[in-house]
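Novice:
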DNA sequence: TAGATTGTTAATCGATTAACAATC
DNA sequence: TAGATTGTTAATCGATTAACAATC
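Residue numbers (the numbering used here), protein chains in the order written: chain A, 692 to 912; chain B, 692 to 912.
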């Protein structure tokens, strides 16, 4: 086992930039490039090149002055750091329109993520197939998640059901929950919750728009 | 015009916490509370109470020792800071499953956000009604967005169409774009783009799971 | 009054940026 | 060689935490 296998707890901002690097590098590789410079990465993300170099330094991949970094190695290093080098099976709870959208989303291939089971409380949906995934009743969460040894749960249920469904997932052995509800669910310490909070995102956007509107005026009235 | 109307550029982390405060305060108000303490807010968000007090201090709402902060005033101050005190009309581009989910999402009421027009390139969808909103052809973006004076665009098109659609929105006078594609779209300086990047969110989750797995072992092998 | 809670100032921490050396 | 690019160390900046005073 070599040094890069010792997964270090990377800074969160760095982790958040990794997927964007990955996307750009793969584009460049598709265009035939085998090396990529920190300047190219930085320009695409709108950040300082030295920040890109620091992010790459954390992967332990050395670059060549005058050439840049080896594209293929970067891709592998990023995937490894994010745990995207091995396939991950996920269970989706809640087959409403958002659940549908996620099951059908083909962008997860890059992340080696596949939704292998889906659950819904609505009997009319149960038994139906959504993008090749059969919808099961909630009562089967424990049995199926356990049997398939699923470690990742995707929560797309109505807010009112969020905490309850999270608990079912945890009880079934899930280690991470990708939470698309607007509830702050509570789980044991050894389970990670990552929330996609639309209100939070919209808050940043609305505030910036409101602020911009004002700063265009020379003086506030 | 009083002091709180001078919108100050709040720290981004503060803005991101505001919607969660808002949600909790409204829950408490529904339960009959008229005051709320920084400790209660902090507990719900898993942060330090002093941080909540700082966030509130930025709104200019004073609290009463022994009592806490006036719930109603907090709600109004947060809404004002986020620009959620006035109704916002939005245009949605791309009526795929994610677009459907967003048009149908009833959580936007709190933010006074309503999607008033939707566009799609697919002629089969055009003319259909999604949750009461009629789907229009892309060619009408300019005319309708202009006429309705819409300042917010929601981008839920396939990646390949993202930049082009963003440009159409900007040309029609939109001031902010809520970007659900995984493309880093480029726009003029006076337009704000806020992206909901699923890959970024998943990256954080996967990395934490991978890291946790390891830290549970006493020594790395 | 005593005690709970707010409010403020200083210290710490982490991430970014600046400056510059090293290298192909 | 000269020049572009990587790599590293120090300075800066912003946000959080700590310590403690103020107040109802």
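Each residue gets a CB set at the ideal place from its N, CA and C atoms; glycine is no exception.
1. I need the DSSP call for residue 802 of chain A, collapsed to helix, strand or coil.
2. Please confirm if the region 869-882 of chain A is in contact with the region 825-836 of chain A, defined as three or more CB-CB distances below 8 Å between the two stretches.
3. Could you give the DSSP three-state label for residue 825 of chain A: helix, strand or coil?
4. Could you tell me which residues DSSP puts in a beta bridge with residue 886 of chain A?
5. Roughly how many angstroms lie between the CA atoms of residue 819 of chain A and residue 808 of chain A, to the nearest whole one?
6. With distances taken from CA atoms, which of B:773, B:764, B:799, B:765 is nearest residue 781 of chain B?
7. Counting only the same chain and skipping the five closest in sequence on each side, list residues whose C-beta sits under 6 Å from that of residue 826 of chain A.
8. Step through the CB atoms of chain B and report whether any lies within less than 8 Å of the CB of residue 707 of chain A.
9. Would you mind telling me which residues of chain A sit closer than 8 Å to residue 900 of chain B, beta carbon to beta carbon, in chain order?
10. If we count Cβ pairs, one from each stretch, closer than 8 Å, do we get three or more for the region 891-907 of chain B versus the region 712-719 of chain B?
11. Which one of A:770, A:731, A:750 has the shortest CA to CA distance from residue 758 of chain A?
12. Where do the N-terminal and C-terminal ends of the beta strand (DSSP E) with residue 779 of chain B fall, by residue?
13. Three or more beta-carbon pairs under 8 Å between the region 789-798 of chain B and the region 787-794 of chain A, yes or no?
14. Can you give me the Cβ contacts of residue 725 of chain A inside the same chain, cut-off strictly under 6 Å, excluding the 5 residues immediately before and after it?
15. DSSP state of residue 704 of chain B, grouped into three classes?
16. Looking only at its chain, what residues have a beta carbon closer than 6 Å to the beta carbon of residue 874 of chain A, apart from the 5 residues adjacent to it on each side?
17. Judging by CA-CA distance, which residue of A:722, A:708, A:740, A:728 is the nearest neighbour of residue 772 of chain A?
18. By Cβ distance, which residues of its chain are closer than 7 Å to residue 679 of chain A, with the 5 residues on each side in sequence left out?
19. Can you tell me the Cα-Cα spacing of residue 727 of chain A and residue 719 of chain A, whole angstroms?
20. Going by DSSP, what residue range makes up the alpha helix (DSSP H) through residue 749 of chain B?
21. Checking the sheet assignment: what are the DSSP bridge partners for residue 841 of chain B?
22. Quick check on DSSP: helix, strand or coil for residue 848 of chain A?
23. Which partner residues of residue 726 of chain A appear in the DSSP bridge assignment?
24. Quick one: give me the first and last residue of the alpha helix (DSSP H) that residue 853 of chain A is part of.
25. Per DSSP, what kind of secondary structure is residue 811 of chain A in: helix, strand or coil?
Specialist: With the structure as the only source:
1. helix
2. no
3. strand
4. A:870
5. 12 Å
6. B:799
7. 786, 809, 811, 816, 817, 819
8. yes
9. 774, 842, 843, 866, 867, 883
10. no
11. A:731
12. 779-784
13. yes
14. 762
15. helix
16. 850, 853
17. A:708
18. Residue 679 of chain A lies beyond the stretch modelled for chain A, which goes from 692 to 912, so this question has no answer here.
19. 8 Å
20. First-last for residue 749 of chain B: undefined, no H or E at that position.
21. According to DSSP, which records beta bridges pairwise, residue 841 of chain B is partnered with nothing at all.
22. coil
23. A:761
24. 853-862
25. strand
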